[in-house]
Amino acid sequence: MAFSKSKIKSLFAFIMDGKIKVPDWGYLSRYKDENAQITALPFEEKRVVFFGDSITAGWMTYDPKLFGNKKNINRGINGQTTSQMLIRFKQDVIELKPETVIILAGTNDIAGNTGLITIENILENLKSMCELSKANSIKTVLCSILPAFDYPWRKGMQPAEKIETLNTMIRQYALENNIVYVDYYSAMADEQKGLKVIYSDDGVHPNKEGYQIMKSILDSTI
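Each residue of the sequence shown is one higher than the last, beginning at 84 in this note's numbering.
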């Protein structure tokens, strides 16, 4: 069905006036106000953005001291996939002008949170984030996806092998492009390629002990 130019203009006007609500698929609204407050402050050198999903978001709860200064900024959003994160990369990373971005993402893609996607396309999304960082003189740190034997909210996805394969691909890409790679997976995986019970209460999200070992690995790597 075709629309006349006048109808298109009217529709656009309705959207701009807020009369039609456009879904915020990337959840750009989540950190919009906080970002405005940060960019209004004097520039902070060596700023680091932790960019990811609920695993990154949850870090703030278990280790608030890590984000208790102006330099470490948490930009994790629960349930997000790399496709959604790519949408908000400009707003939640580039515009904050960090020295470094630490990217931890991909498990929600494998869970199919926003639909089916191949591990190759997940990697392409991560590559795009890295390319955007490089174009804006931001150092990138790529993290391995944490092990998971199953997803509590989406049973039967059998993610373990996909996570292991994708981590190998991420590591190889990082090596070929002189990007720091943080390997959480090796230290946190059990014999079934799931997340060790000591590090998680649900098999996916780290608990206090999980975040402690992640912090230790991160510090020793970067």
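Ideal Cβ positions, reconstructed from N, Cα and C, are used throughout, including at glycine.
Just so it is clear, the structure is predicted and the values come from calculations on it, not from any experiment.
Near residue i, which residues of its chain fall below 6 Å by C-beta distance, leaving aside the five closest residues on each side in sequence?
i	result
Tyr268	Ser227, Pro230 and Asn250
Ile206	Ile is not the amino acid found at residue 206; the sequence shown has Leu there. Same-chain partners within the cutoff: Met252.
Gly44	This structure cannot settle anything about residue 44, because the visible part of the chain is limited to 84 through 305.
Ile237	Looking at the sequence provided, one finds Arg at residue 237 rather than Ile. Here the set comprises Ala194.
Ala272	Pro230
Met143	Phe150 and Asn157
Along the chain, where does the alpha helix (DSSP H) that runs through residue i open and close?
i	result
Lys291	Lys291 to Thr304
Tyr145	Ser137 to Tyr145
Ile121	Lys115 to Ala123
Gln174	Phe172 to Asp175
Ser269	Tyr268 to Met271
From residue i to residue j, what does the alpha carbon distance come to, in whole angstroms?
i	j	result
Thr183	Pro106	30 Å
Thr304	Leu225	11 Å
His155	Leu258	In the sequence on display, residue 155 carries Asn and not His. If I take the Cα positions, the gap works out to 25 Å.
Ile170	Trp108	9 Å
Arg130	Ser220	13 Å
Pro235	Gly195	13 Å
Phe232	Asn118	35 Å
Pro242	Ile202	11 Å
Ile160	Glu127	23 Å
Asp285	Thr248	22 Å
Met168	Glu274	31 Å
Ala85	Thr197	With a pLDDT of only 49 at Ala85, under the threshold of 50, the placement of this residue in the model should not be trusted; the figure read from the coordinates follows. Rounded to the nearest angstrom, the two C-alpha atoms are 29 Å apart.
Gly189	Thr164	6 Å
Lys291	Tyr145	6 Å
Pro181	Val287	28 Å
Ala218	Pro289	32 Å
Asp116	Lys298	28 Å
Ile200	Arg254	20 Å
Lys153	Glu244	38 Å
Ile246	Leu187	13 Å
Pro125	Lys222	21 Å
Ser112	Ala123	18 Å
My understanding is that residue i touches residue j, with C-beta atoms under 8 Å, so please give their C-beta distance in whole angstroms.
i	j	result
Met240	Ile193	7 Å
Tyr114	Arg158	6 Å
Cys213	Ile262	6 Å
Leu215	Ile121	Actually they are not in contact, since the Cβ atoms of Leu215 and Ile121 sit about 19 Å apart, beyond 8 Å.
Gly162	Asn204	About 18 Å separates the two Cβ atoms, so there is no contact after all.
Hey, could you find the ends of the beta strand (DSSP E) residue i is sitting in?
i	result
Leu206	From DSSP, Leu206 is part of no beta strand (DSSP E) but of the alpha helix (DSSP H) over Ile202 to Ala218.
Gly162	Neither: Gly162 is in no beta strand (DSSP E) and is coded neither H nor E.
Thr190	Run containing Thr190: none in the beta strand (DSSP E); it sits in the alpha helix (DSSP H), Thr190 to Ile193.
Tyr264	Val263 to Val265
Ile186	Thr183 to Leu187
Leu258	That residue, Leu258, is in no beta strand (DSSP E); its alpha helix (DSSP H) goes Ala243 to Glu259.
Lys222	Lys222 to Cys226
Between which residues of its own chain and residue i is the CB-CB distance below 7 Å, once the five residues before and five after are set aside?
i	result
Leu301	Val265
Lys210	Tyr256
Asn208	Thr165, Ser166 and Leu169
Residues in its own chain within less than 8 Å of residue i by CB, not counting five upstream and five downstream?
i	result
Ala270	Ile296 and Ile300
Ala140	Asn157, Gly159, Ile160 and Asn161
Asn260	Cys213
Cβ of residue i less than 9 Å from any chain B Cβ?
i	result
Asp175	Absent from the structure is chain B; it holds one protein chain and no more.
Measuring CB atoms only, is the segment 173–182 touching the segment 137–150, in the sense that at least three cross pairs come out at less than 8 Å? no
Any 3 or more C-beta pairs closer than 8 Å across the segment 269–284 and the segment 126–141: no
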